[in-house]
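Chains as they are written, first to last, in our numbering: chain R, 1102 to 1278; chain P, 11 to 208.
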Amino acid sequence: MYVIQFLSLWLIPMVIACILLHGTYKRVPTYEAFVEGGKEGIQIAFSLIPYLVGMLVAVSVFRASGALDFFISYMKPFIVPLGLPPEVVPLAIIRPISGTASLGIVTDLIATYGPDSFIGRLASTIQGSTETTLYVLTVYFGAVGIRKMGDALKVGLLADLISFIVSFFIVLWMFGK
Amino acid sequence: MMVNLIWVALLLIGLLFAGMNGTMKDVNEAMFQGAKEAVTISIGLISVLVFWLGLMKIAEQSGLLSFFAHLFRPIAKKIFPEVPSDHPALGYILSNMVANMFGLGNAATPLGIKAMEQLKQLNGQKDEPSRSMITFVALNTASITLIPATVISIRMTYHSASPGEIIGTTFVASLIATISAIMIDRAFYIQRRKKGGM
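Below you can see the structure in the form of structure tokens.
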């Protein structure tokens, strides 16, 4: 635990120091290179806006209309027989679609059932072990101006599914029910 | 094509439901809230993007990135067979994965975008994603996690007896998901090649 706390605090500063020391040692014009690279950052951020607006509006409409809740209640009877606690089913469905929404659900589950309950641990693991697939696809393909995603979406969603199943078994195995 | 369908479906099904459920008022609000959130995220990204891409430019010019790429070469060659082994794209890919591992999403995103740019250049600036781009994005949607920082902080807020106890389970789940992503991606690639496309 100490090692991890230490690392999460020191890692970024150490990376920065390494880059600066190595750059100076190799006689790179450090400040000028920094400014040059930074300019690209502004361009990228701006070109992202339409991609994110399109996706987030669609997800918000889907959620606010009640469609998301309907699909979740419809899918519950299929998922419950597999042994998954029904409380985490909404989380598993939303996790690939919206990072902030799923974080909200995790917080709610932890608040309701306690962080050290089976549901609390499972929700924590599901949230932490995978990225928001739709967001990653939108940002990465959007930033380089690619509109077709190829098989990336299918791969991402299948990997998410596997990660949920693994999360369930590993939490069951390590902590018990 | 797939994206267009999903996008239109999310919106139209949402609007249809709103009409049936009487939630049109919420939907109207949500539309503009969603747009606002997207712009806020993009603007918020400017600070991190400028800072990290600035630093990474130094690392690129000093040769630190290609040094990373060199270390990473044996594994990378297997996962990204189309990327030449001394190409800067590999350096960005590796730094992106390291940042993701430590839960530094803010640092990982600009590095990943930079990797995508390099991969696009390798692909002759085409509008279609190359095989390597699909693999890279698939890796990122799974992403090996060593420190799930946000989750740990939530668990602390709710007085967990051991906020960090889920680090092990998270790591194993994400590792297996990442290996699966690589295999599923490979399977899809083989299927595409059989069809004669790409």
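Cβ coordinates follow ideal geometry from the N, Cα and C atoms, glycine included.
- DSSP places K1249 (chain R) in the coil class of the three-state scheme, outside both helix and strand.
- I154 (chain P) carries a coil assignment under DSSP once its states are collapsed to helix, strand and coil.
- Against chain R, a Cβ distance below 9 Å from G101 (chain P) picks out nothing, because the smallest value is about 12 Å.
- Between I1211 (chain R) and A1224 (chain R), the gap from beta carbon to beta carbon is short of 8 Å.
- The three-state reading of DSSP puts N31 (chain P) in helix, counting H, G and I together.
- Scanning chain R for C-beta atoms nearer than 7 Å to the C-beta of A86 (chain P) yields nothing, as the closest lies near 18 Å away.
- At a cut-off of 8 Å between beta-carbon atoms, V93 (chain P) makes no contact with chain R.
- Close to chain R, meaning a Cβ-Cβ distance shorter than 7 Å, are the following residues of the region 126–152 of chain P: M126, E127, K130, D137, E138, P139, I144, V147, A148, N150, T151, A152.
- Between the region 120–128 of chain P and the region 51–66 of chain P there are three or more C-beta pairs closer than 8 Å, enough to call the two in contact.
- Within the region 1122–1173 of chain R, the runs of alpha helix (DSSP H) that reach at least 4 residues and sit entirely inside it are, in chain order, 1131–1165.
- Of all C-beta pairs linking the region 187–205 of chain P to the region 169–178 of chain P, fewer than three are shorter than 8 Å, placing the two stretches out of contact.
- In the three-state reduction of the DSSP assignment, K204 (chain P) falls in the helix class.
- Nearest CB-CB separation between P98 (chain P) and chain R: not below the 8 Å threshold.
- G101 (chain P) is a Cβ neighbour of S76 (chain P), given a cutoff of 8 Å.
- In the DSSP assignment, N110 (chain P) falls within the alpha helix (DSSP H) that extends over 98–111.
- Counting of Cβ neighbours within 10 angstroms places H169 (chain P) among the exposed residues, the total staying below 16.
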